[in-house]
Amino acid sequence: LHHFIWGKFCDWFIEFAKPIFFGEDGSLKTEIQKTAAWVLAQTYHFLNPFMPFITEELWAVLSDSKEPLITSSWPLSEKSTRDSLVRVGAVEEIEWIIRVISEIRASRSILNVSPAISLPLFVNDAQQNTCQRLKQHKALIERLAHVEIMDHELPSNTKGIIQCVVDDSVFLMPVGDILDVEKEKTRLAQELKKIQMDSAGLLKKLENSEFTQKAPAEILEKNKKRLAENSDLEVTLTRAIAKLG
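Sequential numbering from 22 applies to the sequence shown in this note's numbering.
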């Protein structure tokens with residue numbers, strides 16, 4: 022429930038809807054506003070058992086219903102109704118867009134590329150389906166990922182490239198003009214070494230029976246959590262170094 026409300030609705034849906042909210046297509050804007058209002062109303066039902074007071078207050082202010090939330094009907098949806106409302110392939114397509122934007126954002130972040138800089142985005146040997154999606158959702162991807170989608174392939178001799186792989190597509194962003202690639206690779210390698218040394222020390226502690234027997238439970242949990250976070254960061258840094266070639 023948290024993943025849907027925070028991660029899907031408040032994050033991606035609102036971000037996708039912003040250009041429409043500020044656009045000039047009145048009928049589309051009204052449709053998206055009504056959709057957002059309907060989804061928000063359904064979340065009040067789902068949250069009510071956990072957050073009864075605040076959801077009742079919001080329901081009273083925002084809903085047209087005079088019936089209290091606690092006695093209102095629980096949202097139900099027949100599969101046939103859902104299928105008739107959702108275009109075939111739409112969910113897969115939206116998830117693909119989210120993965121593309123997320124991969125580009127993650128790569129930019131780990132390399133400290135400013136969001137103010139719009140990077141050219143190339144896709145060499147792109148499948149027809151990928152080209153169609155990029156063309157259809159060009160404005161959305163460009164705005165949220167801070168890129169400019171190019172309509173030609175990147176020359177093979179280009180140096181200093183960030184590579185992002187989504188399904189069978191490889192997205193390429195040249196950064197040689199804005200980053201000292203070798204310096205950045207050195208920085209990332211040093212950061213990776215630092216994390217690996219920290220992980221080695223944590224692992225040595227956790228494998229020491231004397232430490233694990235005497236240390237408070239919260240300390241053990243804190244060390245295990247840090248080790249897991251280090252492991253994820255090692256993967257991220259290794260991938261970032263590889264992306265720079």
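A virtual CB, placed ideally from N, CA and C, is assigned to each residue, including glycine.
Grab the span of the beta strand (DSSP E) containing residue i for me, first residue to last.
i: GLU169; result: 168 to 170
i: PHE192; result: 190 to 195
i: ILE183; result: 182 to 187
i: HIS73; result: Before going further, note that residue 73 is Pro rather than His in the sequence given. Counting along the chain, PRO73 falls outside any beta strand (DSSP E), though it belongs to the alpha helix (DSSP H) covering 73 to 83.
Excluding five sequence neighbours on each side, which residues of the same chain lie with their C-beta closer than 8 Å to the C-beta of residue i?
i: LEU49; result: ILE41
i: LYS117; result: Checking the displayed sequence, the identity of residue 117 turns out to be Trp instead of Lys. These residues qualify, in order along the chain: ARG154, VAL187, ASP188.
i: THR259; result: LEU213
Give me the Cα-Cα distance between residue i and residue j, rounded to the nearest whole angstrom.
i: LEU22; j: GLN63; result: 11 Å
i: ILE162; j: ASN145; result: 17 Å
i: PRO141; j: THR207; result: 24 Å
i: GLN184; j: ASP172; result: 17 Å
i: ASP201; j: ALA160; result: 29 Å
i: GLN54; j: LEU61; result: 10 Å
i: SER139; j: CYS152; result: 20 Å
i: GLU88; j: TRP27; result: 27 Å
i: LYS235; j: LEU241; result: 10 Å
i: PHE37; j: PHE43; result: 11 Å
i: GLN149; j: SER84; result: 45 Å
i: LEU323; j: TRP59; result: Not covered by the structure: residue 323. The range shown for the chain is 22 to 266.
i: ASN133; j: ALA261; result: 11 Å
i: LYS39; j: ILE91; result: 32 Å
i: ILE115; j: GLN211; result: 37 Å
i: PRO70; j: ILE199; result: 51 Å
DSSP on residue i, reduced to helix/strand/coil?
i: LEU155; result: helix
i: PRO40; result: helix
i: LEU22; result: coil
i: LEU140; result: strand
i: ILE199; result: coil
i: THR179; result: coil
i: GLU116; result: helix
i: LYS87; result: coil
Please work out which residues of its chain come closer than 6 Å, Cβ to Cβ, to residue i, disregarding the five sequence neighbours upstream and downstream, and give them in chain order.
i: LYS243; result: none
i: VAL196; result: GLY181, ILE183
Tell me which same chain residues have a C-beta within less than 7 Å of the C-beta of residue i, skipping the five on either side of it?
i: TRP33; result: ILE119
i: LYS226; result: PHE232, ASN244
i: GLU174; result: PHE143, ASN145
i: THR257; result: ILE131
Please list the terminal residues of the continuous alpha helix (DSSP H) segment that includes residue i.
i: VAL256; result: 238 to 264
i: ASP146; result: No alpha helix (DSSP H) holds ASP146; DSSP gives it neither H nor E.
i: GLY47; result: 47 to 68
i: THR233; result: 230 to 235
Touch test, the stretch 218 to 229 against the stretch 250 to 260, Cβ-Cβ under 8 Å, three pairs minimum:
yes
Should the stretch 109 to 128 be regarded as contacting the stretch 163 to 175, the criterion being three or more beta carbon pairs within less than 8 Å?
Touching, yes, given that three or more Cβ pairs across the two stretches are closer than 8 Å.
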